[in-house]
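See structure below.
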Amino acid sequence: MQQRLLGYHEQSRTLLRTSTEEVVSQLSVLEELLPSLAAVLISNHEQRQGAGLREEMGGVRLKLKHTLVASEKEKRVNVRQLRASLRDEDLQTLSSREKLRQQRLHSNICTKHLELQVCLRVRGEEFVTSLASLTEQLLSQLDNQPIPEVTEAAAPHLRSDVGTVSMETSSRVWPGIPYLPAPTSCTPESPPTVTTATTAATTTSRCTLGHLAVIEQRDAAVKRFEQLFSSEVSLLDNDQRRRLSELQIWITHWRQQIHTLTHTH
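Each step along the sequence shown adds one to the number in the UniProt record's numbering, with nothing skipped, and position 180 is 180.
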(Lines of atoms letter the chains of each structure in order from A and count residues from 1; the text may use other names and numbers.)
(Lines give C-alpha, C1' and ligand atoms only; values in the text may rest on other atoms or scores of the structure.)
Protein backbone atom coordinates (compact mmCIF):
# COMPACT_ATOMS: atom_id res chain seq x y z
CA MET A 1 0.00 0.00 0.00
CA GLN A 2 2.82 2.37 0.90
CA GLN A 3 4.56 1.60 -2.40
CA ARG A 4 1.37 2.38 -4.25
CA LEU A 5 1.03 5.72 -2.42
CA LEU A 6 4.63 6.54 -3.26
CA GLY A 7 3.88 5.74 -6.90
CA TYR A 8 0.87 8.05 -6.87
CA HIS A 9 2.94 10.76 -5.24
CA GLU A 10 5.64 10.45 -7.86
CA GLN A 11 3.06 10.54 -10.64
CA SER A 12 1.58 13.70 -9.11
CA ARG A 13 5.00 15.33 -8.95
CA THR A 14 5.66 14.38 -12.57
CA LEU A 15 2.26 15.70 -13.67
CA LEU A 16 2.80 18.93 -11.75
CA ARG A 17 6.24 19.41 -13.24
CA THR A 18 4.99 18.68 -16.77
CA SER A 19 1.99 21.00 -16.38
CA THR A 20 4.12 23.80 -15.00
CA GLU A 21 6.64 23.38 -17.77
CA GLU A 22 3.81 23.67 -20.32
CA VAL A 23 2.46 26.80 -18.63
CA VAL A 24 5.90 28.38 -18.57
CA SER A 25 6.41 27.46 -22.21
CA GLN A 26 3.10 29.01 -23.22
CA LEU A 27 3.80 32.15 -21.20
CA SER A 28 7.22 32.38 -22.81
CA VAL A 29 5.61 32.26 -26.26
CA LEU A 30 3.02 34.82 -25.15
CA GLU A 31 5.70 37.16 -23.88
CA GLU A 32 7.55 36.87 -27.16
CA LEU A 33 4.37 37.71 -29.08
CA LEU A 34 3.27 40.65 -26.94
CA PRO A 35 6.19 42.95 -27.91
CA SER A 36 5.61 42.06 -31.56
CA LEU A 37 1.93 42.86 -31.19
CA ALA A 38 2.80 46.13 -29.48
CA ALA A 39 5.16 47.02 -32.32
CA VAL A 40 2.43 46.38 -34.90
CA LEU A 41 -0.20 48.37 -32.99
CA ILE A 42 2.12 51.33 -32.41
CA SER A 43 3.34 51.28 -36.01
CA ASN A 44 -0.23 51.19 -37.35
CA HIS A 45 -1.18 54.03 -35.05
CA GLU A 46 1.79 56.09 -36.21
CA GLN A 47 0.97 55.47 -39.88
CA ARG A 48 -2.68 56.46 -39.42
CA GLN A 49 -1.72 59.65 -37.63
CA GLY A 50 0.90 60.49 -40.25
CA ALA A 51 -1.56 59.87 -43.08
CA GLY A 52 -4.15 62.06 -41.36
CA LEU A 53 -1.62 64.86 -40.97
CA ARG A 54 -0.57 64.72 -44.62
CA GLU A 55 -4.17 64.59 -45.81
CA GLU A 56 -5.25 67.60 -43.75
CA MET A 57 -2.16 69.61 -44.69
CA GLY A 58 -2.71 68.67 -48.31
CA GLY A 59 -6.29 69.95 -48.17
CA VAL A 60 -5.19 73.37 -46.93
CA ARG A 61 -2.39 73.53 -49.51
CA LEU A 62 -4.84 72.66 -52.28
CA LYS A 63 -7.11 75.55 -51.28
CA LEU A 64 -4.11 77.88 -51.30
CA LYS A 65 -3.10 76.59 -54.72
CA HIS A 66 -6.54 77.42 -56.13
CA THR A 67 -6.27 80.90 -54.61
CA LEU A 68 -2.83 81.42 -56.14
CA VAL A 69 -4.04 80.30 -59.57
CA ALA A 70 -7.03 82.66 -59.46
CA SER A 71 -4.83 85.54 -58.30
CA GLU A 72 -2.32 84.87 -61.07
CA LYS A 73 -5.08 85.00 -63.68
CA GLU A 74 -6.24 88.35 -62.29
CA LYS A 75 -2.67 89.60 -62.36
CA ARG A 76 -2.25 88.68 -66.03
CA VAL A 77 -5.42 90.56 -66.91
CA ASN A 78 -4.08 93.65 -65.15
CA VAL A 79 -0.71 93.33 -66.86
CA ARG A 80 -2.32 93.09 -70.29
CA GLN A 81 -4.28 96.27 -69.61
CA LEU A 82 -1.19 98.20 -68.57
CA ARG A 83 -0.02 100.39 -71.49
CA ALA A 84 1.27 103.87 -72.15
CA SER A 85 -1.95 105.00 -73.88
CA LEU A 86 -4.01 104.76 -70.69
CA ARG A 87 -5.52 107.97 -69.38
CA ASP A 88 -4.49 109.05 -65.89
CA GLU A 89 -7.79 108.05 -64.29
CA ASP A 90 -7.74 104.64 -66.02
CA LEU A 91 -4.16 104.10 -64.94
CA GLN A 92 -5.09 104.98 -61.37
CA THR A 93 -8.05 102.59 -61.46
CA LEU A 94 -5.89 99.77 -62.80
CA SER A 95 -3.20 100.50 -60.21
CA SER A 96 -5.76 100.40 -57.40
CA ARG A 97 -7.22 97.13 -58.68
CA GLU A 98 -3.79 95.49 -58.83
CA LYS A 99 -2.87 96.84 -55.40
CA LEU A 100 -6.05 95.31 -53.97
CA ARG A 101 -5.19 91.98 -55.61
CA GLN A 102 -1.73 92.10 -54.06
CA GLN A 103 -3.18 92.82 -50.62
CA ARG A 104 -5.67 89.96 -50.90
CA LEU A 105 -2.93 87.61 -52.04
CA HIS A 106 -0.69 88.61 -49.13
CA SER A 107 -3.57 88.08 -46.72
CA ASN A 108 -4.43 84.67 -48.19
CA ILE A 109 -0.81 83.48 -48.02
CA CYS A 110 -0.54 84.48 -44.36
CA THR A 111 -3.98 83.10 -43.47
CA LYS A 112 -3.31 79.71 -45.03
CA HIS A 113 0.10 79.62 -43.34
CA LEU A 114 -1.62 80.09 -39.98
CA GLU A 115 -4.13 77.36 -40.86
CA LEU A 116 -1.27 75.00 -41.63
CA GLN A 117 0.41 75.87 -38.33
CA VAL A 118 -2.82 75.18 -36.43
CA CYS A 119 -3.22 71.90 -38.31
CA LEU A 120 0.30 70.86 -37.34
CA ARG A 121 -0.17 71.84 -33.71
CA VAL A 122 -3.51 70.04 -33.34
CA ARG A 123 -2.32 66.92 -35.18
CA GLY A 124 0.89 66.86 -33.16
CA GLU A 125 -1.00 67.07 -29.87
CA GLU A 126 -3.45 64.40 -31.03
CA PHE A 127 -0.60 62.05 -31.99
CA VAL A 128 1.15 62.41 -28.64
CA THR A 129 -2.04 62.13 -26.58
CA SER A 130 -3.39 59.10 -28.45
CA LEU A 131 0.00 57.36 -28.45
CA ALA A 132 0.26 57.88 -24.69
CA SER A 133 -3.19 56.31 -24.28
CA LEU A 134 -2.26 53.33 -26.47
CA THR A 135 1.01 52.86 -24.59
CA GLU A 136 -0.79 52.91 -21.25
CA GLN A 137 -3.21 50.23 -22.48
CA LEU A 138 -0.37 48.01 -23.69
CA LEU A 139 1.53 48.38 -20.42
CA SER A 140 -1.64 47.55 -18.51
CA GLN A 141 -2.07 44.39 -20.57
CA LEU A 142 1.49 43.37 -19.70
CA ASP A 143 0.82 44.08 -16.03
CA ASN A 144 -2.16 41.74 -16.18
CA GLN A 145 -0.24 38.98 -17.93
CA PRO A 146 -0.19 35.91 -15.64
CA ILE A 147 3.08 34.59 -14.27
CA PRO A 148 3.30 30.99 -13.07
CA GLU A 149 3.83 30.29 -9.40
CA VAL A 150 6.65 27.79 -9.14
CA THR A 151 6.19 25.26 -6.36
CA GLU A 152 9.05 23.70 -4.48
CA ALA A 153 8.50 20.45 -6.33
CA ALA A 154 8.87 22.10 -9.72
CA ALA A 155 11.48 24.68 -8.75
CA PRO A 156 14.62 22.60 -9.46
CA HIS A 157 13.51 22.06 -13.04
CA LEU A 158 12.00 25.48 -13.78
CA ARG A 159 13.98 28.06 -11.87
CA SER A 160 16.07 29.02 -14.89
CA ASP A 161 13.10 28.95 -17.29
CA VAL A 162 10.96 31.23 -15.15
CA GLY A 163 13.84 33.64 -14.87
CA THR A 164 13.98 33.99 -18.64
CA VAL A 165 10.24 34.28 -19.18
CA SER A 166 9.83 37.80 -17.86
CA MET A 167 13.02 38.90 -16.09
CA GLU A 168 10.56 40.67 -13.80
CA THR A 169 11.63 43.45 -11.47
CA SER A 170 9.66 45.68 -9.13
CA SER A 171 7.18 48.37 -10.15
CA ARG A 172 8.36 51.22 -12.33
CA VAL A 173 7.28 54.70 -13.37
CA TRP A 174 7.55 55.32 -17.10
CA PRO A 175 8.02 58.94 -18.18
CA GLY A 176 5.39 60.60 -20.34
CA ILE A 177 5.81 61.73 -23.95
CA PRO A 178 6.98 65.32 -24.59
CA TYR A 179 4.55 67.31 -26.71
CA LEU A 180 5.91 68.48 -30.03
CA PRO A 181 6.90 72.17 -30.15
CA ALA A 182 4.13 74.29 -31.66
CA PRO A 183 5.10 75.79 -35.04
CA THR A 184 5.33 79.57 -34.78
CA SER A 185 6.52 82.42 -36.93
CA CYS A 186 9.55 83.80 -35.13
CA THR A 187 12.13 86.51 -35.61
CA PRO A 188 15.53 87.15 -33.96
CA GLU A 189 13.71 89.55 -31.62
CA SER A 190 11.01 86.97 -30.91
CA PRO A 191 12.59 83.50 -30.72
CA PRO A 192 10.38 80.40 -30.62
CA THR A 193 9.05 79.36 -27.24
CA VAL A 194 10.41 76.02 -26.08
CA THR A 195 7.71 73.78 -24.65
CA THR A 196 8.52 71.12 -22.07
CA ALA A 197 4.98 69.82 -21.47
CA THR A 198 4.61 66.05 -21.42
CA THR A 199 1.84 63.54 -21.02
CA ALA A 200 1.32 61.98 -17.61
CA ALA A 201 3.77 59.35 -16.44
CA THR A 202 2.57 55.74 -16.26
CA THR A 203 3.20 53.46 -13.28
CA THR A 204 3.28 49.70 -13.76
CA SER A 205 3.23 47.04 -11.07
CA ARG A 206 6.24 45.34 -12.62
CA CYS A 207 8.91 45.78 -15.25
CA THR A 208 9.52 43.07 -17.83
CA LEU A 209 11.19 42.81 -21.20
CA GLY A 210 7.73 43.30 -22.67
CA HIS A 211 7.31 46.61 -20.84
CA LEU A 212 10.71 47.76 -22.06
CA ALA A 213 9.86 46.76 -25.62
CA VAL A 214 6.63 48.79 -25.56
CA ILE A 215 8.45 51.92 -24.36
CA GLU A 216 11.18 51.37 -26.95
CA GLN A 217 8.58 51.12 -29.74
CA ARG A 218 6.76 54.17 -28.38
CA ASP A 219 9.90 56.32 -28.31
CA ALA A 220 10.91 55.19 -31.80
CA ALA A 221 7.46 56.16 -33.13
CA VAL A 222 7.76 59.58 -31.47
CA LYS A 223 11.13 60.20 -33.11
CA ARG A 224 9.81 59.26 -36.55
CA PHE A 225 6.76 61.47 -36.14
CA GLU A 226 8.98 64.31 -34.94
CA GLN A 227 10.94 64.04 -38.19
CA LEU A 228 7.71 64.24 -40.22
CA PHE A 229 6.54 67.14 -38.04
CA SER A 230 9.81 69.06 -38.45
CA SER A 231 9.79 68.43 -42.19
CA GLU A 232 6.28 69.86 -42.51
CA VAL A 233 7.21 72.90 -40.39
CA SER A 234 10.24 73.63 -42.57
CA LEU A 235 8.23 73.15 -45.75
CA LEU A 236 5.41 75.49 -44.80
CA ASP A 237 7.83 78.17 -43.51
CA ASN A 238 9.95 77.98 -46.65
CA ASP A 239 6.87 78.12 -48.87
CA GLN A 240 5.58 81.20 -47.10
CA ARG A 241 8.92 83.01 -47.31
CA ARG A 242 9.24 82.17 -51.00
CA ARG A 243 5.72 83.30 -51.88
CA LEU A 244 5.97 86.53 -49.91
CA SER A 245 9.37 87.24 -51.44
CA GLU A 246 8.02 86.68 -54.95
CA LEU A 247 5.04 88.90 -54.18
CA GLN A 248 7.27 91.69 -52.86
CA ILE A 249 9.46 91.52 -55.97
CA TRP A 250 6.36 91.85 -58.15
CA ILE A 251 4.98 94.73 -56.04
CA THR A 252 8.25 96.63 -56.49
CA HIS A 253 8.25 95.95 -60.22
CA TRP A 254 4.61 97.02 -60.61
CA ARG A 255 5.19 100.26 -58.73
CA GLN A 256 8.12 101.06 -60.97
CA GLN A 257 5.95 100.45 -64.04
CA ILE A 258 3.20 102.70 -62.72
CA HIS A 259 5.72 105.37 -61.76
CA THR A 260 7.26 105.30 -65.23
CA LEU A 261 3.91 105.56 -67.01
CA THR A 262 2.70 108.29 -64.67
CA HIS A 263 5.70 110.47 -65.43
CA THR A 264 5.54 109.93 -69.19
CA HIS A 265 2.03 111.36 -69.45
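Beta carbons are placed, not taken as given, at the ideal position from N, Cα and C, and that holds for glycine.
When the beta-carbon positions are compared, Phe225 and Leu120 stay at least 8 Å from each other. By the CB criterion at 8 Å, Gln49 and Phe127 fall inside the cutoff.
For Thr252, the enclosing alpha helix (DSSP H) stretches over residues 209–264. The Cβ atoms of Gly52 and Arg123 lie closer than 8 Å to each other. Within the model, the alpha-carbon separation for Ala220 versus His66 is close to 37 Å.
Bounds of the alpha helix (DSSP H) holding Arg101 are 88–143. Burial check for Ser95: the Cβ neighbour count within 10 Å reaches 16 or more, so the residue is buried. Cβ neighbours of Asn108 within its own chain (closer than 6 Å, five residues either side excluded): Thr67. Here the alpha carbons of Leu116 and Asn238 stand approximately 13 Å from one another. DSSP places Thr198 in the strand class (E or B) of the three-state scheme. Looking at the DSSP output, Pro178 bridges to Thr198.
Straight-line spacing of the CA atoms in Ala200 and Leu41 works out to 21 Å.
The three-state secondary structure of Arg172, taken from DSSP, is strand. In this structure, the straight-line span from the alpha carbon of Ile215 to that of Thr135 is close to 7 Å. One thing to note: Ala38 has its Cβ no nearer than 8 Å to the Cβ of Leu131.
Glu98 is classed as buried because its beta carbon has at least 16 other beta carbons within 10 Å across all chains shown.
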